[in-house]
Structure formats: C-alpha cells, structure tokens
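Visitor: Going line by line, the protein sequences match chains S and Z.
Counting from 1, one number per residue, gives the positions in the first sequence under the numbering used here.
Counting from 79, one number per residue, gives the positions in the second sequence under the numbering used here.
Beta carbons: idealized from backbone N, C-alpha and C, even for Gly.
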Amino acid sequence: MTREIENAAGIPVVQIATIVPIMLTVGANRIVPGVAIPHPTGAPQLGEDGDKAKRRELVLRAFKAMETSIDDQMVFED
Amino acid sequence: MKRVVHYINQFYAGIGGEDKADQTPLCEAGFKGPGLGLNKELGADVEVVGTVICGDGYYGEHTDEARAACLKMVADFQPDIFIAGPAFNAGRYGFACGDIAATVAAELKIPTLTGMYIENPGVELYSKKTYIVPCADSARGMPKNLKSMAALALKLLSGEALGPAREAGYIHRGIRKNFIHELNGAERAVQMLLKKLKGEEFRTEYEMPKFNKIPPAAPVTDLKHATIALVSSGGIVPMGNPDHIRVSSAESYGKYDISSLTDMKGTYESVHGGYDRTYANADPDVVVPLDIMCELEKEGVFGKIYPYFYTTTGTGTAVAFAEKFGKEIGADLRNAGVDAAILTST
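1) Can a CB atom of chain Z be found closer than 7 Å to the CB of S:P21?
2) Quick one: using the 10 Å Cβ neighbour count with 16 as the cut-off for buried, is Z:Y386 buried or exposed?
3) Sorted by chain position, which residues of the same chain lie with C-beta nearer than 6 Å to Z:A171's C-beta, five sequence neighbours on each side aside?
4) Taking the beta carbon of Z:A348 as the centre, do at least 16 other beta carbons fall within 10 Å, making it buried, or is it exposed?
5) For S:I70, return the contacting residues in chain Z, with the cut-off set at a CB-CB distance below 7 Å.
6) Are the C-beta atoms of Z:Y334 and some chain S residue less than 7 Å apart?
7) Taking only runs that begin and end inside the stretch 334-406 of chain Z, name each unbroken alpha helix (DSSP H) of 4 or more residues, in chain order.
8) Does the distance from the CB of Z:T424 to the CB of Z:Y334 come in under 7 Å?
9) Just checking my contact of Z:T299 with Z:K382 at CB under 8 Å: how many whole Å lie between their CB atoms?
10) Note down, in chain order, every chain Z residue with its Cβ under 8 Å from the Cβ of S:V14.
11) To which residues of the same chain is Z:G94 closer than 7 Å at the C-beta, ignoring the five residues directly before and after it?
12) Tell me, please, whether the stretch 109-118 of chain Z touches the stretch 40-47 of chain S by the rule of three or more beta-carbon pairs shorter than 8 Å.
13) How many angstroms separate the CA atom of Z:I131 from the CA atom of Z:L114?
14) With 7 Å set as the bound, which would you pick, yes or no: does the beta-carbon of Z:E375 sit closer than that to a beta-carbon of chain S?
15) Which bits of chain Z does S:R56 rub up against, with CB to CB less than 8 Å?
16) What is the DSSP secondary structure of Z:I86, reduced to helix, strand or coil?
17) If the cut is a Cβ gap below 8 Å, which residues of chain Z does S:V59 touch?
18) How about Z:P367 and Z:I314: are their beta carbons less than 7 Å apart?
19) What separation, rounded to the nearest whole angstrom, lies between the Cα atoms of Z:I161 and Z:I178?
20) Which runs of the alpha helix (DSSP H) fall wholly inside the stretch 113-151 of chain Z and span at least 4 residues, in chain order?
21) Under 8 Å Cβ-Cβ, which residues of chain Z neighbour S:G27?
22) Less than 7 Å between the C-beta atoms of Z:V182 and Z:T192, yes or no?
23) Should the stretch 206-217 of chain Z be called in touch with the stretch 144-157 of chain Z, which here means at least 3 C-beta pairs below 8 Å?
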C-alpha cells in the first residue's frame, strides 16, 4: 500500500511499523521502525508523558525521513 | 450423469461486444459458445446442463448484484461442478470468472474451476479460492485450453486426490501438503545449491511472494508549508466500524474526516484481527499519531494535516487489494495536492 501510494501520488510516504524486513520486502522506501506491533507510535508502558514523548520522537523522525533525499530504500534508525 | 453449469460473458454468448457489456445476468439450458467444445471434451458421462451469462461491465460495476443473481441461477441447475470461462487475458472477464467460481465453491460446496492467462489479475485475486487452469492469452488457445479444463474437471469429479498443482494442471493455490521425502532437508538444499552453481534448472520448495519496488519519491522541500496525510493499515476505525471494514483479509478501506479532532481517543477504536488491541483501544494514537501531529501543526513544525485519514486492516489482506487501495489513495492524495504521507502499520 505504501509503495502504491508513493507511486500514484508521487510523494514520499514514510512507513512507521515494527517489522522492518516486511517493509523492505513490500517496497517501502522511507522506513521508521515503530515501538511494537500493537503500538507502533506509542510506548504506553512509559506512562502518559513517556508515551507522548516517544510518539513525538517518531513523528519528528518521519518528518526527517520525508525531507531526506534517498536513492534506495532507507531505514531511519535515529 | 454428472451435471455441469458453465459461466460465460456476453461476448462468448454471442450477445455482443463492449456495447453489450452491461448485459444483466441470464441463463439458458444446455451449452452455448465455448460450452459446445467443453461438453464434447467432458465425455459421455458429464453434461453441460446450463449456461449462465453476464456482461463483463455489469459484473465489474455491480458485483454484489451480479454475483447474487448468477449464484442463484447456478444453484437452480443443481450442478455437481461449476466451470467458468476460460477468460484468457481479459481482465474483467477474469475477475467475473474468478469471483463467481469462488462464490459458487464457497456457497454451494461443489468443486469449481476456471481458466486464465497467468497474468490475468483474476489469478492473483482468486487462485486460492478456486482452481484456475493456466490458459493462453487469447482465444486462439481455446481448443487446447478447453481440453485441459475438462481434464481437471473430470479429475475433480472423480473425487481422487489431486497431486501438486503443476502436475494436476492448475495454478497453485498456496497450499502445502506434508509428506515424507526420502532425502532430508539439508540434502535437498545441497542438491539445489549444486544445481544452481552449475547453472542448471532447479525449483525452490518454498516460493516467496514477489513484490515490486519503485524509485523513491523526491523529498519534501518545504516542511513548514507541507500538507501531510495520515494513512494506516492498523485497523483504526470510527467507533462501531460504520463501513464494516473487515477485521482481516480486508477488501475495503475507509476515508474519514479528522479535521475537527485533536486526538484519536474516544472517537476511534481498533478492529484489527491480527494484534492485541488493548493499547490501541485505550488510545488509538499509539497506532495513528494524530495527537502529536496536531501539536506539531500548532507549533508550526509543518504546514497542515490533510483533513482526511485513510484506514484499513492489514492482516491476511491480499497483495492485490493492498495495491488497489494504495493506487486509489495515492490518486486521491495527488489530486488534493498533499505533499507527503505517514503510513503506520501494525
């Protein structure tokens, strides 16, 4: 889905999910590893503040990914 | 005498071409068009007792109605087996043949089969739900293909177990059967490797699905004025799942207005059947980061959030459907002038 949206829209689509090999296999180009399968953009075990801080960090990293010029698939680890 | 019902489109029924593609379902006793050859190949003990006909356009555009009407006609003939097509490389005909064959198999619990060219999109959609005999890409292959379809039909009617797909003459359904091989896995792997090194042909025992890759899109150059869309395959839907998006094997996606929200909590929930929904239901922002997006938008980190959110469940979802959703959503975002998207998956 990520790949086809990027292809059809001609815009960067950053995928945040936990199983990086699957994202690589299905052709996502800009990849941000998520926290866990049931909560990719949150860390509820860290409490409300910790959860939000983690989410903010991931979204900012997604912004960084969409602003980065790449030639091939890239995983944005930090 | 075993009873066969055959499905064909408006063209093979002699009704007309594209101008008649909106033909609604109808049926006739006996065989028609390619059914003549099919009936001959099936031999003396098997008879095509009825033919169901529908326009390809009608089936594609009014699928629910066409499927229901055709299913009823098929059922009324009380068949022992159902055969559709062959559709060769005709996309809509392939879709119709696959869809009605899969439906008849599921609803009437009888064997069904159809025939298509390997690249017909119907193969990807329906090869797991019915038997699809590999066919030529055009009707030039008709005589040969009817023979192969009849052969598989007779095998299915006989009730004897089918061997591997490539030997039994159909496109594999992704089913693996266990059996004891005289060589263990390590020995077979080494044999395979030796063949590969020698440049000889070898066949893998576990085919990986093929996915395409595309060159990366150009980056966002002006984040401060960029419109960013949120998309998810994490099964986050408005409370009550108003559009009945499936909990798994989704065949649809939802598009919802989130412009008045600053948080997912309280108005959205997860229906995804492939992960523990405890956290997502407590706060769906852990799957779709709307709260933080709203904060960052307010802080001026980026331009604005695209007012609509796209969502489906990505578990057991056919690649063909995921690609279809992606194409449609992508076209939508392009038309709306969206600059980038964040897609979250579970």
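Guide: For this structure:
1) For this step, residue 21 of chain S is matched to residue 21 along the first sequence. Closer than 7 Å: no.
2) Start at 1 with the first residue of the second sequence, and residue 386 of chain Z comes out as number 308. That one is buried.
3) By 1-based counting over the second sequence, the position of residue 171 of chain Z is 93. Ala is not the amino acid found at residue 171 of chain Z; the sequence shown has Tyr there. The residues are N87, D134, A165.
4) Position 270 of the second sequence, counted from the start, is the residue given in the question as residue 348 of chain Z. In the sequence under discussion, the amino acid at residue 348 of chain Z is Ser, which differs from the Ala named in the question. Buried is the call here.
5) Residue 70 of chain S sits at position 70 when you count from the first residue of the first sequence. Those are P294, listed as they occur along chain Z.
6) Sequence index remark: in the second sequence, residue 334 of chain Z carries index 256 (1-based). By this cut-off, Z:Y334 is not an interface position.
7) 356-360, 368-376
8) As a first step, residue 424 of chain Z must be located in the second sequence, where it is residue number 346. As a first step, residue 334 of chain Z must be located in the second sequence, where it is residue number 256. Cβ distance not < 7 Å, so Z:T424 and Z:Y334 don't count as in contact.
9) As a working note, residue 299 of chain Z is residue 221 in the second sequence. As a working note, residue 382 of chain Z is residue 304 in the second sequence. Actually they are not in contact, since the Cβ atoms of Z:T299 and Z:K382 sit about 16 Å apart, beyond 8 Å.
10) On the first sequence, residue 14 of chain S is found 14 positions in, with the first residue counted as 1. A418, A419, I420, L421, listed in chain order.
11) Taking the second sequence and counting its residues from 1, the one referred to as residue 94 of chain Z is at position 16. Within the same chain, Z:G94 has close Cβ partners Q88.
12) no
13) Numbered from its first residue, the second sequence carries residue 131 of chain Z at position 53. Numbered from its first residue, the second sequence carries residue 114 of chain Z at position 36. So the two alpha carbons sit approximately 15 Å from each other.
14) For the purposes of this step, residue 375 of chain Z is taken as the residue at position 297 of the second sequence. Judged by the 7 Å Cβ criterion, Z:E375 is not in contact with chain S.
15) Counting from one through the first sequence, the residue named residue 56 of chain S turns up at place 56. The contacting residues are I370, E373, L374.
16) Taking the first residue of the second sequence as position 1, residue 86 of chain Z is located at position 8. Z:I86: strand per DSSP, three-state reduction.
17) Mapped onto the first sequence, residue 59 of chain S falls at position 59. Residues of chain Z passing the Cβ test: P367, I370, M371, L374, I420.
18) By one-based count along the second sequence, residue 367 of chain Z stands at place 289. By one-based count along the second sequence, residue 314 of chain Z stands at place 236. Going by C-beta atoms, Z:P367 is not nearer than 7 Å to Z:I314.
19) Here residue 161 of chain Z corresponds to residue number 83 of the second sequence, with the count starting at 1. Here residue 178 of chain Z corresponds to residue number 100 of the second sequence, with the count starting at 1. Their Cα atoms are separated by approximately 10 Å.
20) 113-120, 134-139
21) For the purposes of this step, residue 27 of chain S is identified with residue 27 of the first sequence, where counting begins at 1. Result: F289, N290, K291, I292.
22) Residue mapping note: residue 182 of chain Z aligns to position 104 of the second sequence, counting from 1. Residue mapping note: residue 192 of chain Z aligns to position 114 of the second sequence, counting from 1. Against a cut-off of 7 Å, the Cβ pair of Z:T192 and Z:V182 comes out as no contact.
23) no
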